[in-house]
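Numbering (the numbering used here), first residue to last: 110 to 183.
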C-alpha cells in the first residue's frame, strides 16, 4: 500500500484491516477493547494506548511491524 503525506494512522489502520478482511469487532475482541475504541482509532479521535500484549495482537492481526505503525506516512 502506498502512503501519502495526508494518510493518517487511523486511515492506514482501516485500510489494512479492510484489506485483510477483518471486522472492527474481530480487532476489538482480539485486543480486549470495545468496538467503539477501534472506531475511534480509525477516525483518529484517539491513538491506540495498548499493553504490550494487546499491541502485539493488533500488529499480528494487521500483519504489521511496530515501525509500520509508528513511522510517519511517506
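For glycine and all other residues, C-beta sits at the position ideal for the given N, C-alpha and C.
Contact between residue 141 and residue 163 is confirmed by a C-beta separation of about 6 Å, below the 8 Å threshold. The residues 137, in chain order, have a CB closer than 8 Å to that of residue 143 in the same chain once the five nearest residues on each side in sequence are set aside. Residue state for residue 143 is assigned as coil, using DSSP reduced to three classes. DSSP places residue 119 inside the alpha helix (DSSP H), whose first and last residues are 118–128.
The alpha-carbon of residue 125 is positioned some 19 Å away from that of residue 158. The continuous alpha helix (DSSP H) containing residue 176 extends over residues 175–179.
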